[in-house]
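Per our numbering, residue 392 is the first one in the sequence shown, and the count goes up by one each step. Idealized CB from N, CA, C, for every residue including glycine. Computed from a prediction, not measured in an experiment: that's the story for all the values here. Have a look at the structure below before the remarks.
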Amino acid sequence: MAAGANLMNNDPILKVEHLSMRFGGLMAINDLSFEARRGDITALIGPNGAGKTTVFNCITGFYKPTMGMISMTQQSGKKFLLERMPDFEITRDAKVARTFQNIRMFSGLTVLENLLVAQHNMLMRASGYTILGLFGYSGYRRAKEQSIEIAKHWLEKADLIERADDPAGDLPYGAQRRLEIARAMCTGPEFLCLDEPAAGLNPRESQALNELLRSIRKDTGTSILLIEHDMSVVMGISDHVIVLEYGQKISDGTPDEVKNDPKVIAAYLGVEDEEVEEVIEQIVEIETKQGGQI
Ligand SMILES: Nc1ncnc2c1ncn2[C@@H]1O[C@H](COP(=O)(O)OP(=O)(O)OP(=O)(O)O)[C@@H](O)[C@H]1O
392 MAAGANLMNN
402 DPILKVEHLS
412 MRFGGLMAIN
422 DLSFEARRGD
432 ITALIGPNGA
442 GKTTVFNCIT
452 GFYKPTMGMI
462 SMTQQSGKKF
472 LLERMPDFEI
482 TRDAKVARTF
492 QNIRMFSGLT
502 VLENLLVAQH
512 NMLMRASGYT
522 ILGLFGYSGY
532 RRAKEQSIEI
542 AKHWLEKADL
552 IERADDPAGD
562 LPYGAQRRLE
572 IARAMCTGPE
582 FLCLDEPAAG
592 LNPRESQALN
602 ELLRSIRKDT
612 GTSILLIEHD
622 MSVVMGISDH
632 VIVLEYGQKI
642 SDGTPDEVKN
652 DPKVIAAYLG
662 VEDEEVEEVI
672 EQIVEIETKQ
682 GGQI
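Spelled out as structure tokens, the structure:
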């Protein structure tokens with residue numbers, strides 16, 4: 392499991408420096424720098440196509456950035472240069488876990504089995520990468536019991552324990568989203584990247600998600616980086632918000648600072664900076680009508 396809350400401090404766990412990502416003629420990320428502090432929930436927001444998922448893909452090794460440095464420092468002080476590592480090492484060694492915008496799970500396996508599959512690295516190690524497990528090797532048996540305990544712990548936390556033996560595909564949408572987070576937590580991450588965890592959730596499910604994320608921060612000290620369009624989630628649980636537009640950072644601060652930043656308002660409403668004052672009143676109206684979604 393990740394570092395305990397008592398070991399938490401507020402130094403940066405992740406530093407992104409001068410990151411750029413080019414796809415042919417398109418500069419999706421352009422000289423982006425930001426930090427995520429240890430133990431914080433940091434939100435990455437911005438209009439569609441701003442480059443948020445591309446940043447995630449660079450951090451988690453799905454893309455190799457065109458330029459720039461991404462460093463992560465674990466609680467132990469061990470430092471990793473993520474842009475130089477393959478994705479499986481980022482997960483296994485740096486202890487970065489992620490979820491995806493579109494839910495990816497084994498829908499035919501049970502809820503519990505999905506969480507056991509997530510721990511297969513640990514089980515493979517315990518089997519000595521051989522068939523020792525088949526012969527009841529005690530080290531493997533212990534590792535298997537431990538992985539079931541970890542899975543049960545996260546099923547409780549995600550309020551899914553009653554559904555442990557149901558096929559994952561039968562869960563309602565909001566529960567599937569929580570299962571994805573529980574699955575990521577089973578790998579014991581120090582840094583958890585969530586790509587639009589509230590997408591498609593109703594207000595009650597969003598509330599349950601907020602509670603799960605708050606309890607992860609409080610009980611494990613895991614640092615979270617979150618892409619989200621649902622402002623009730625972003626403003627409700629984030630310690631720090633970074634705003635992107637056209638691959639560049641336009642704002643960086645507390646939720647209140649960012650919410651009132653004219654550049655952010657202009658970006659979301661697609662207006663020039665000088666028109667911002669005129670539309671501030673409209674924002675309040677839009678937020679009220681759409682229940683916090685922008
Ligand atoms: N593999 C790729 N090849 C080419 N272009 C890409 C690729 N991935 C992303 N892009 C482009 O990079 C830009 C940023 O996309 P990205 O998905 O990172 O934005 P986003 O902020 O996550 O958007 P959304 O909120 O809609 O998910 C877009 O113009 C997108 O079309």
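For residue j and residue i, the rounded distance between their alpha carbons
{"i": "Phe-582", "j": "Ala-589", "result": "19 angstroms"}
{"i": "Ile-615", "j": "Gly-430", "result": "7 angstroms"}
{"i": "Met-496", "j": "Asn-505", "result": "7 angstroms"}
{"i": "Phe-471", "j": "Thr-464", "result": "6 angstroms"}
{"i": "Gln-466", "j": "Asp-630", "result": "19 angstroms"}
{"i": "Val-625", "j": "Thr-444", "result": "16 angstroms"}
{"i": "Val-649", "j": "Cys-577", "result": "33 angstroms"}
{"i": "Lys-455", "j": "Gln-510", "result": "26 angstroms"}
{"i": "Met-460", "j": "Val-407", "result": "6 angstroms"}
{"i": "Phe-447", "j": "Asp-610", "result": "24 angstroms"}
{"i": "Ile-685", "j": "Asp-621", "result": "For Ile-685, the predicted model reports a pLDDT of 47, less than 50, meaning its position is unreliable and no value from the coordinates is stated."}
{"i": "Arg-554", "j": "Leu-617", "result": "26 angstroms"}
{"i": "Gly-565", "j": "Ala-573", "result": "13 angstroms"}
{"i": "Leu-507", "j": "Pro-646", "result": "36 angstroms"}
{"i": "Val-632", "j": "Ala-599", "result": "21 angstroms"}
{"i": "Ser-597", "j": "Asn-401", "result": "27 angstroms"}
{"i": "Asn-593", "j": "Leu-562", "result": "15 angstroms"}
{"i": "Gly-468", "j": "Glu-536", "result": "30 angstroms"}
{"i": "Lys-640", "j": "Glu-426", "result": "12 angstroms"}
{"i": "Arg-595", "j": "Asn-601", "result": "10 angstroms"}
{"i": "Ile-541", "j": "Arg-605", "result": "19 angstroms"}
{"i": "Ile-539", "j": "Gly-560", "result": "20 angstroms"}
{"i": "Gly-717", "j": "Glu-619", "result": "This structure gives no information on residue 717, because the portion of the chain shown stretches from 392 to 685."}
beta-carbon residue i near ligand 1 non-hydrogen atom, thresh 8 angstroms
{"i": "Asn-493", "result": "no"}
{"i": "Lys-443", "result": "yes"}
{"i": "Asn-421", "result": "no"}
{"i": "Glu-587", "result": "yes"}
{"i": "Pro-580", "result": "no"}
{"i": "Phe-414", "result": "yes"}
{"i": "Gly-459", "result": "no"}
{"i": "His-409", "result": "no"}
{"i": "Leu-617", "result": "no"}
{"i": "Val-446", "result": "yes"}
{"i": "Gly-386", "result": "The shown model of the chain, from 392 to 685, leaves out residue 386, and the question about it has no answer."}
{"i": "Gly-591", "result": "no"}
{"i": "Pro-456", "result": "no"}
{"i": "Leu-417", "result": "yes"}
{"i": "His-544", "result": "no"}
{"i": "Gly-638", "result": "yes"}
{"i": "Asn-439", "result": "yes"}
{"i": "Leu-506", "result": "no"}
{"i": "His-631", "result": "no"}
{"i": "Leu-635", "result": "yes"}
Whole-number beta carbon distance between residue j and residue i, since they are thought to touch under 8 angstroms
{"i": "Leu-546", "j": "Leu-503", "result": "7 angstroms"}
{"i": "Leu-423", "j": "Leu-410", "result": "5 angstroms"}
{"i": "Pro-580", "j": "Ser-498", "result": "23 angstroms between Cβ atoms; not a contact."}
{"i": "Ile-628", "j": "Ile-436", "result": "Actually they do not touch by this definition, with Cβ atoms about 13 angstroms apart."}
{"i": "Leu-551", "j": "Arg-569", "result": "6 angstroms"}
{"i": "Thr-490", "j": "Ala-575", "result": "6 angstroms"}
Close beta carbons around residue i, own chain, < 7 angstroms, minus the five adjacent residues each side
{"i": "Ile-481", "result": "Thr-451, Gly-452, Leu-473 and Val-487"}
{"i": "Pro-438", "result": "Glu-636, Ala-658 and Tyr-659"}
{"i": "Gln-492", "result": "Thr-444, Asp-586, Glu-587 and Ala-590"}
{"i": "Met-412", "result": "Ala-419, Ile-420, Thr-445, Cys-449, Tyr-454, Pro-456 and Thr-457"}
Cβ-based neighbour list, residue i, same chain, cut-off 8 angstroms, excluding 5 preceding and 5 following
{"i": "Asp-478", "result": "Thr-451, Gly-452 and Phe-453"}
{"i": "Asp-556", "result": "Thr-501, Val-502 and Leu-503"}
{"i": "Met-476", "result": "Gly-452, Asp-484 and Ala-485"}
{"i": "Ile-607", "result": "Lys-548, Ile-572, Met-576, Leu-583, Thr-613 and Ile-615"}
{"i": "Pro-403", "result": "Glu-426, Ala-427, Arg-428, Arg-429 and Thr-464"}
{"i": "Ser-462", "result": "Leu-405, Lys-406, Glu-408, Lys-470, Phe-471, Leu-472 and Leu-473"}
{"i": "Gly-644", "result": "His-631, Val-632 and Asp-652"}
Own chain partners of residue i with C-beta closer than 6 angstroms, once the 5 adjacent residues on each side are dropped
{"i": "Ser-642", "result": "Val-634, Val-649, Asp-652, Lys-654 and Val-655"}
{"i": "Gly-442", "result": "Ala-419, Ile-420, Leu-635 and Gly-638"}
{"i": "Lys-543", "result": "none"}
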